[in-house]
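Under the numbering used here, the first residue of the sequence shown carries the number 511, and numbering increases by one thereafter. Heads up, the beta-carbon is just placed ideally off N, CA and C, and yes, glycines get one too. Everything numeric in this text was worked out from a predicted model, so none of it was measured. Presented below is the structure to which this report refers.
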Amino acid sequence: MISLILTILYLAKDTVHRWFTRVSSPIARILVVYFLTLCALGALGGYVISLNVVRDKIIKRGGNMVVSRLVGGYGSVPTQKEMSELMDADSIVFQSLGYVRLENGRNILAYTYPFNRSRQVLPLLAPSGGPTILQNPEESHMPPGPCTVEAKGVRFQALVKNVPEDHLLYRSLPNWMILLVPPDHIPSYLTSTGMSHTTVLIRVRHLVSSESVLRVERMMRNLLRYEHLVGNVASVSDVLRQMDVVLAKQMQCRIAFCLGISVVVGILLTALAGMEYRQNEYIYTLMKSFGIHPLLLVGAFIVENILLVGLSFAGAIATFMYFQRVIVVEILKLGNYTLSLEQISSEIAIISYTLLGCILVSSIPIITAAYRQIGRVLK
């Protein structure tokens, strides 16, 4: 045990001595790994940021929404809990009551909703529980407050409210305005004499790719087919192909940068490790003749490379995390799209695995030299 400790201390001392006598060797490894990793993080992080920008633009325009319109009631529509558990999506259901006229002469649609969804609609209603006009604040046509509405020649009061930005109605209001009437306060002049229509709005919570929306769209189409319902399902899944293209290019970029890092770092580490071992091969062979196992010699070089590469890798990550805000916010003017360590963790993992593979590959010539016969070296 004592001999093993002394051997490890000697190898550590020899490594530090080589660093000071040939300072270019550790500096070369540190700088090459540092700048290659920084370039890779910049490129891969740029793709992650571009993906976030495209995703936010798509979501801002309602790209994560699926709209289904059915003829008739909403008896066959999945409940809010079922949509949440099965599709990981938020949903809301409205049934049309016909058109009403605003005091400015504009016609808008009136809707009601099922009792079992009252809780999610309650924050949108007027405090009195009466009819409420909901409008998108970006396309508002009326100031919030009381308003006179006319239906079938009868005038009544309604309250104009702006829909909160985080509500799934924010991007899905028909013509940017609707009149919402609680089911227990529907007056006779709003009761439709014809066939009513049900509108189901579904918002995908996590928009990963176009498949996130397509599976919800397929579910609603299957519902129409199996329940023999008349209606249609609409989404912008075709537009989401843009995000899929960005994802595909991001994967290609990952592969390209990882291959580039593997080639450059692998060649550098292999060349330097082989050169340094040959320069000290006589001493290492003498150590083997005294009973030192060759794996200790190989392990010393592996630990040395892990230490230098790990130090460079950590420095590159710290530099990227520090300067990304300046580049993204101040220079590119993209807004608050800076990445956290969690958001870029997959890129960091890929680069770290690549560097670890380079270290292991660079130890192959060391293993070959360490297991050479003692007599062939000391002859």
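| field | DSSP three-state assignment for Leu662, whether helix, strand or coil | value | Correcting the residue type first, residue 662 is Lys in the shown sequence and not Leu. Residue state, collapsed to three classes: coil.
| Using the C-alpha atoms, what's the distance from Ile688 back to His651? | 12 Å
| field | Under the three-state DSSP convention, the category Val887 falls into | value | Residue confidence for Val887 is low, a pLDDT of 49 falling below 50, so the modelled location carries little weight; the figure read from the coordinates is stated next. Val887: helix per DSSP, three-state reduction.
| message | Spatial neighbours of Val743 within its chain, please: C-beta separation below 6 Å, excluding the five flanking residues on both sides. | response | Ser578, Glu727, Met730 and Arg731
| request: For Gln762, count neighbouring C-beta atoms within 10 Å of its own C-beta (all shown protein chains included) and say buried if the count is 16 or more, exposed if not. | output: exposed
| task | Along the beta strand (DSSP E) that carries Ile643, what are the first and last residues, could you check? | result | Thr642 to Gln645
| query | If we count the other Cβ atoms within 10 Å of its Cβ and call it buried at 16 or more, is Pro647 buried or exposed? | reply | exposed
| field | For Leu778 and Val533, believed in contact at Cβ under 8 Å, the rounded distance | value | About 16 Å separates the two Cβ atoms, so there is no contact after all.
| Anyone know if the C-beta pair for Pro692 and Gly608 falls short of 9 Å? | No, Cβ-Cβ distance for Pro692 and Gly608 is not below 9 Å.
| How many Å lie between Ile816 and Ile540 at the Cα? | Distance between the alpha carbons of Ile816 and Ile540: 11 Å.
| field | Closest Cα partner of Asn890 within the set Leu750, Gly776 and Ala810 | value | Residue 890 lies beyond the stretch modelled for the chain, which goes from 511 to 889, so this question has no answer here.
| message | Taking a contact to mean a Cβ-Cβ separation below 9 Å, would you say Gln630 touches Trp686 in this structure? | response | No, the Cβ-Cβ distance between Gln630 and Trp686 is not below 9 Å.
| request: Pull up the DSSP beta-bridge partners for Met687, would you. | output: Gln645
| task | Check Ile602 in the structure and name its three-state DSSP category. | result | strand
| How would you call Val581, buried or exposed, if buried means at least 16 neighbouring beta carbons within 10 angstroms? | exposed
| Within 10 angstroms of its Cβ, does Leu769 collect 16 or more other Cβ (buried), or is it exposed? | exposed
| message | Taking the alpha carbon of Arg627 as the reference point, which residue from Ser601, Met785 and Ser772 has its own alpha carbon closest? | response | Ser601
| Spatially closest choice to Glu613 from Leu865, Val659, Val564 and Gln853, by CA coordinates | The candidate whose alpha carbon is nearest that of Glu613 is Val659.
| query | In three-state DSSP terms, what is Ser578? | reply | strand
| query | In terms of DSSP beta bridges, what is Ile618 paired with? | reply | Val610
| Can you tell which of Arg611, Leu669 and Arg681 has its C-alpha closest to the C-alpha of Tyr699? | The shortest C-alpha separation from Tyr699 is found at Arg611.
| Under the rule that 16 or more other beta-carbon atoms within 10 Å means buried, what is Tyr863, buried or exposed? | exposed
| task | Could you check which residue in Gly663, Ala668, Ile869 and Glu649 has the C-alpha nearest to that of Leu634? | result | Ala668
| With respect to the alpha helix (DSSP H) encompassing Thr708, which residues constitute its N-terminal and C-terminal limits? | Element bounds for Thr708: not the alpha helix (DSSP H) but the beta strand (DSSP E), His707 to Val714.
| field | Exposure of Ile874, with buried meaning 16 or more beta-carbon neighbours within 10 Å | value | Exposed, by the Cβ-count rule.
| query | In three-state terms, what does DSSP make of Ala636? | reply | coil
| Pro656 in three-state terms, based on DSSP | In the structure shown, the three-state DSSP call for Pro656 is strand.
| field | Val564 - containing alpha helix (DSSP H), residue span | value | Ser534 to Lys570
| field | Given Asn617 as reference, the closest of Ile643, Leu596 and Met785 once Cα atoms are compared | value | Taking only the C-alpha atoms, the option nearest Asn617 is Ile643.
| request: Starting from the N-terminal side, write out each stretch of the alpha helix (DSSP H) that is 4 residues or longer and does not extend beyond the segment 727 to 790. | output: 751 to 789
| request: Answer yes or no: do Leu717 and Gly573 have a C-beta to C-beta separation smaller than 9 Å? | output: Yes. Within cutoff.
| Which of helix, strand or coil DSSP assigns to Val813 | helix
| Between the C-alpha atoms of Lys671 and Lys591, what's the straight-line distance to the nearest angstrom? | 27 Å
| said: Restricting to Cα atoms, I'd like to know which of Thr708, Ser747, His738 and Arg681 is closest to Glu721. | reply: Ser747
| task | Would you decide whether Met575 is buried or exposed? Buried here means 16 or more other CB atoms lie within 10 Å of its CB. | result | buried
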